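Structure first, then comments.
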Amino acid sequence: ATRPGSTPREVATHCPYCALQCGMTLREDDTGVTVHPRQFPTNRGGLCQKGWTAAELLDHPERLTTPLLRDPASGELRPVSWDAALDRIVTGIRAIQDDAGPDAVAVFGGGGLTNEKAYALGKFARIGLRTRHIDYNGRFCMSSAAAAGMRAFGIDRGLPFPLADLGRADTLLLVGANPAETMPPLVRWLTEQRRNGGQLIVVDPRVTATARQADLHLQPLPGTDLAVANALLHIALTEGWVDRTYVAERTSGFEAVRRTVAAWWPARAEQLSGVPVADLEATARALGTGGRVIILTARGAEQHAKGVDTVTAYVNLALALGLPGRDGSGYGCLTGQGNGQGGREHGQKADQLPGYRKIDDPAAREHVAGVWGVPADDLPGPGVPAYQLLDSLGTPDGPRGLLVFGSNPVVSAPRAARIEGRLRDLDLLVVADLLLSETAALADVVLPTAQWAEEDGTMTNLEGRVLRRRALRNPPPGVRTDLAIISDLATRLAAAETPTTEAPAAEPASTTAASTTATSAATASARPEAVAAARFPADPAAVFAELRRASAGGAADYAGISWARIDDQDGVYWPCRTEDGPDTPRLFAEEFATPDGRARFHSVDHRPAAEEVCATYPLHFTTGRVLTQYQSGTQTRRVPALRRAAPEAFVELHPDLAARLGIDDGDPVKVTSRRGELCAPARLSVGIRPDTVFAPFHYAGAGRANSVTNDAVDPISGMPEFKICAVRVEKA
Ligand code: SF4
8 ATRPGSTPRE VATHCPYCAL QCGMTLREDD TGVTVHPRQF PTNRGGLCQK
58 GWTAAELLDH PERLTTPLLR DPASGELRPV SWDAALDRIV TGIRAIQDDA
108 GPDAVAVFGG GGLTNEKAYA LGKFARIGLR TRHIDYNGRF CMSSAAAAGM
158 RAFGIDRGLP FPLADLGRAD TLLLVGANPA ETMPPLVRWL TEQRRNGGQL
208 IVVDPRVTAT ARQADLHLQP LPGTDLAVAN ALLHIALTEG WVDRTYVAER
258 TSGFEAVRRT VAAWWPARAE QLSGVPVADL EATARALGTG GRVIILTARG
308 AEQHAKGVDT VTAYVNLALA LGLPGRDGSG YGCLTGQGNG QGGREHGQKA
358 DQLPGYRKID DPAAREHVAG VWGVPADDLP GPGVPAYQLL DSLGTPDGPR
408 GLLVFGSNPV VSAPRAARIE GRLRDLDLLV VADLLLSETA ALADVVLPTA
458 QWAEEDGTMT NLEGRVLRRR ALRNPPPGVR TDLAIISDLA TRLAAAETPT
508 TEAPAAEPAS TTAASTTATS AATASARPEA VAAARFPADP AAVFAELRRA
558 SAGGAADYAG ISWARIDDQD GVYWPCRTED GPDTPRLFAE EFATPDGRAR
608 FHSVDHRPAA EEVCATYPLH FTTGRVLTQY QSGTQTRRVP ALRRAAPEAF
658 VELHPDLAAR LGIDDGDPVK VTSRRGELCA PARLSVGIRP DTVFAPFHYA
708 GAGRANSVTN DAVDPISGMP EFKICAVRVE KA
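This is the structure in structure tokens:
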């Protein structure tokens, strides 16, 4: 990133990647932009390789610096002016919506977008496009933990306590979490915890880098985490470790849970999961007799068609032991994406409005519509979760146009080949991204966006702490911020003529993705006067000011959070209701966010994976991450040092299984499921169960793990079953 003659300058900001949002300082001088670790309460001066190399994308040769439009004659993407690109998009939107109604255009966002962008995108979908179809890739990330938190605690904040509490825990149980590879600086807290005499227990089907550091590693069959949790609670009950006073005074619904877990005697759980009874007993003892105890889940437990119930089983365990709200103890979820927390609070989800409000709540609609300056009746109703939306694209009942911001579903969606086909069937696909991702490569229009070091804004980390993202420099010529793009599109839609024909109602079936709500069926596409009234500023400070008003009174209340206060406090924890009132580092000390203030148990029981192994597909397949890649790899696969460290996909399998299949280390292998196949070199490891194979999900092409994964979804959260399906493996 060289700018000869530029004035040296620096800003304190945060890493663009994961939800740990490590503090870093960016410096720019004549030699370029350099990254320097910064003392921040979460990373304490640590960065992983991804953070260290983040600036390398700023002037990357593959960076997009001009809009691209698909040429109908050649079928290729060609550089065009912004006016030409935006005109094409607005013309396309209007043609589709005039023909098929407002819900025929959808929006797909991302968990890496700033709070301001997530907010603006939700508003743009509901007011600018008048569509109910907006959702985002966070649905594929932590939506099961979010739903479980909502139903148990009445609120969803990944960690309801500061991350520093991990260092003080006597017992720390990590379920399906591998921070040593996904968030390496977090390991400092684990090290501190054990230095203080604490015990670390990891539940994971693989011997991960995190599991290797554990005092005890439970290695269950994929898809049996729920049974493990119920067995742990069974033991706690039997041994008298349940906190009866806490259960009586602070919770409801325990009796049904007690009856369910009574059937999960340890030997039964061992038979199902493969975890020895002795290990279950040792774990339960550590949890039940420890002083400060923390239970954390992550994607390994959550990315299942029973993900909400699996997380709920661990929440039940935490509640029965009296942990949530107790100093130094509790349950939490390690959110993954950079703004996975904030991205789910401001209206980017199909069923939500800003402030974590429900879109079908009349009071919530009134409040948000008031901030937006439109009648509440103008707001569309709820849409459908991400996979259902993607799978409906281009079908007779589904949206025919899609605007994608900061997401790459061609690589990240389950059953990816099918979703790729859906995207190809669209009349209009618009992708805003900084690089030509696999999804952007399919688009009709590609819009080049600014990077994290070129824009201001806020992010909310895994603790619910709102942070400042600060611009080091302006975007390069030809590039615009996502907020500017949303503003430009809204301006054009506001100027466009009102459709002369009333849009026809979509098909009447209420269960189809494109069926319109009572509200939107009766209205035409984007109404210029409403779009103009609502205003879509490109200035992030103006958007944040509006976001604060829209979130006021909601669960995720940002009303008292100003950028100046974030600067003063090293971040501000929501809810923060007034500028002179306190923020909330710890939740649940006095009460939970339910109507009666009590946490709610839910009885949950094990059920098999959506797809079980059989003679044709005899092995379990699971996915995950590697240290030097991030999400769909759009960015990290282009950073030379990261690419060298992890250049391609691989298939991890146990040597015993490999020997049975005649496969040597490094041999090309083919993994086949009912949905597709993945081809990559074999990597033999004794750290995986002999009945299970693993592949990282960062890669495209033949190594795309999501060609194989199952698109069965959790009925509550909409989370796909990324973490288990049935496959066969053979030498390619
Ligand atoms: Fe960035 Fe996450 Fe690595 Fe920290 S741990 S440097 S936030 S990718």
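Take the sequence shown: its letters are residues 8 to 739, numbered as in UniProt numbering.
Using N, Cα and C, we set each Cβ at its ideal position, and we do this for glycine too.
Just so we're clear, the structure is a prediction, and the values are computed from it rather than from any experiment.
The beta carbon of valine 214 sits closer than 6 Å to the beta carbons of Gly694 from its chain, once the five residues preceding and following it are set aside; these are given in chain order. Using a Cβ distance threshold of 8 Å, cysteine 340 and glycine 156 count as a contacting pair.
Straight-line measurement puts the Cα of alanine 312 at about 14 Å from the Cα of alanine 733. In terms of Cβ geometry, leucine 197 and leucine 173 form a close pair [threshold 8 Å]. The stretch 85-93 and the stretch 52-60 do not touch, with fewer than three beta-carbon pairs separated by less than 8 Å.
For the pair alanine 557 and isoleucine 366, the Cα-to-Cα distance works out to about 13 Å. In the three-state reduction of the DSSP assignment, leucine 225 falls in the strand class, which pools E and B. Here phenylalanine 115 has Ile141, Asp142, Tyr143, Asn144, Ala393, Leu396, Leu397, Leu409, Leu410, Val411, Phe412, Ser414, Pro416 as same chain residues with Cβ atoms under 8 Å from its own Cβ, once five neighbours each way along the sequence are excluded.
Near the ligand SF4, residues with a Cβ at less than 6 Å from any of the ligand's heavy atoms are Cys22, Tyr24, Cys25, Leu27, Gln28, Cys29, Asn50, Leu54, Cys55, Lys57, Gly58, Met190, Pro191, Pro192; the list follows chain order. Along the stretch 144-181, the alpha helix (DSSP H) occurs as fully enclosed runs of 4 or more residues at 150-160, listed in sequence order.
Counting C-beta atoms within 10 angstroms of its own C-beta, cysteine 25 has 16 or more neighbours from the protein chains shown and is therefore classed as buried. For asparagine 122, the enclosing alpha helix (DSSP H) covers residues 122-130.
At the C-beta level, alanine 537 and aspartate 385 come within 8 Å of one another.
In the DSSP assignment, histidine 627 falls within the beta strand (DSSP E) that extends over 626-631.
Short of 6 Å from the beta carbon of alanine 719, and not among the five residues preceding or following it, lie these beta carbons of its own chain, in chain order: Ala312, Ala617, Glu728. In chain order, Ala154, Val315 place their CB closer than 6 Å to the CB of isoleucine 723, counting only its own chain and leaving out the 5 sequence neighbours on each side. The residue from Asn122, Ala447, Glu63, Glu598 with its alpha-carbon nearest to that of glutamate 553 is Asn122.
About 16 Å separates the CB atoms of lysine 124 and tryptophan 379; that is not less than 8 Å, and the two are not in contact.
Cβ contact annotation for glutamate 619 (same chain, cutoff 8 Å, sequence separation greater than five): Ala733, in chain order. Shown here, isoleucine 731 sits in coil according to DSSP, grouped into three states, outside any helix or strand. The C-beta distance from valine 473 to tyrosine 565 rounds to 7 Å, short enough to fall under 8 Å. In this structure, the CA atom of proline 109 is about 9 Å from the CA atom of arginine 101. Taking the Cα positions, glycine 204 is about 33 Å away from threonine 630. Contact check for leucine 54 and proline 192: beta-carbon distance about 7 Å, within the 8 Å limit, so the pair qualifies. Within the same chain, Cβ atoms closer than 6 Å to the Cβ of valine 646 are found at Thr60, Glu63, the five residues on either side in sequence being excluded. DSSP assignment within the stretch 618-675 yields the following whole alpha helix (DSSP H) runs of 4 residues or more, N-terminal first: 647-652, 662-668. Nearest to threonine 138 by alpha-carbon distance, out of Leu207, Pro387, Asp37, is Pro387.
Among the bridge pairs identified by DSSP, phenylalanine 701 is matched with Thr629, Glu659. Nearest neighbour of arginine 696 by Cα position, chosen from Ser399, Glu445, Val282, Ile302, turns out to be Val282. Secondary structure of valine 114 (DSSP, three-state): strand. The residue among Gly405, Leu433, Ile731, Phe657 with its C-alpha nearest the C-alpha of arginine 711 is Phe657.
Cβ neighbours of aspartate 36 within its own chain (closer than 6 Å, five residues either side excluded): Pro15. For leucine 244, the secondary structure class from DSSP, reduced to helix, strand or coil, is helix.
As a beta-bridge residue in DSSP terms, glutamine 206 pairs with Thr178.
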